[in-house]
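**Q** In the UniProt record's numbering, the protein residues as written are 1 to 232. Virtual Cβ for every residue (Gly too), placed ideally from N, Cα, C. The structure displayed is predicted, hence computed values, not measured ones.
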Ligand code: ADP
Ligand code: MG
């Protein structure tokens, strides 16, 4: 489903060049749950952003369902992104003044999905994350773990085939983190391919596969080294 071939990404500013991704080779099959680990600044978020087509790359290629994303127009990229990819970020990015229901419907509205379908999908997604009874609440009325579950609901309401999650449990205590992890496992069992950045060795072990990135280079992390995270 995902194929990265010799992919490199360089951030250039006036003063410095940062080789954020170096000759990345990665294949992810449909239905996999991949945990991405590595020290801070090693390129994890950049890799997710490239996979999500939010960030361009400099060299190599990225094939999504066998099709190269290179050379696609911005509108073709955003169509691809909307149809196939869901994002979960660490900071939730929920809109304060909107109800949970409206937060989840908003990206669907951008995509021109009809009101009745939006409502149905949002309700279904809230049901899945256990917050159906609170659909008229606002984000400030929820705990951090509940807000993260809303962010997950928003992502899955788009019916993505790939879910990209950047430290989805980073702000949560261990109980809430476990609940969010269980939810992601359930979504994965329903067929969604997941790539998740995590600093938690237990979570990484629970994923189907671990890959590690250090200084922009990828390696299979058969042995996870928590000290690498502590040092960072
Ligand atoms: P991680 O998520 O693993 O902490 P990042 O992918 O955010 O790491 O960053 C990888 C490297 O790229 C870091 O050196 C970071 O400073 C740099 N970087 C990330 N985003 C930008 C940007 N927009 N402009 C310049 N440098 C960036
Ligand atoms: Mg990051």
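At a threshold of 7 angstroms, does residue 125 count as lining ligand 1 (C-beta to nearest heavy atom)?
**A** Outside the cutoff, so no.
**Q** Tell me, which residues are paired with residue 61 by DSSP?
**A** DSSP, once it has assigned bridges, lists 5 as partnering residue 61.
**Q** Exposed or buried, what is residue 56 when buried is set at 16 or more other beta-carbons lying within 10 Å of its beta-carbon?
**A** With fewer than 16 other Cβ atoms within 10 Å, it is exposed.
**Q** Just the Cα atoms here: how many angstroms apart are residue 115 and residue 196?
**A** Cα-Cα distance, rounded: 31 angstroms.
**Q** Run through DSSP, which three-state label would residue 212 get?
**A** Strand at residue 212.
**Q** Relative to the C-alpha of residue 137, which residue among 96, 191, 159 is closest?
**A** Nearest of 96, 191, 159 to residue 137, Cα basis: 96.
**Q** From what residue to what residue does the alpha helix (DSSP H) around residue 167 run?
**A** Segment: none, residue 167 is in no alpha helix (DSSP H) and carries neither H nor E.
**Q** Output the boundary residues of the beta strand (DSSP E) element that contains residue 175.
**A** Per DSSP, residue 175 belongs to no beta strand (DSSP E); it is in the alpha helix (DSSP H), 174-189.
**Q** Between 164, 217, 122, 190, which has its C-alpha nearest residue 35's C-alpha?
**A** Per the Cα distances, 164.
**Q** Leaving out five residues on either side along the sequence, give the residues of the same chain with a beta carbon under 6 angstroms from the beta carbon of residue 198.
**A** Closer than 6 angstroms at the Cβ level, and outside the excluded window around residue 198, lie 35, 204.
**Q** So, does the stretch 210-220 touch the stretch 35-45, judging by three or more C-beta pairs under 8 angstroms?
**A** Short answer: they touch.
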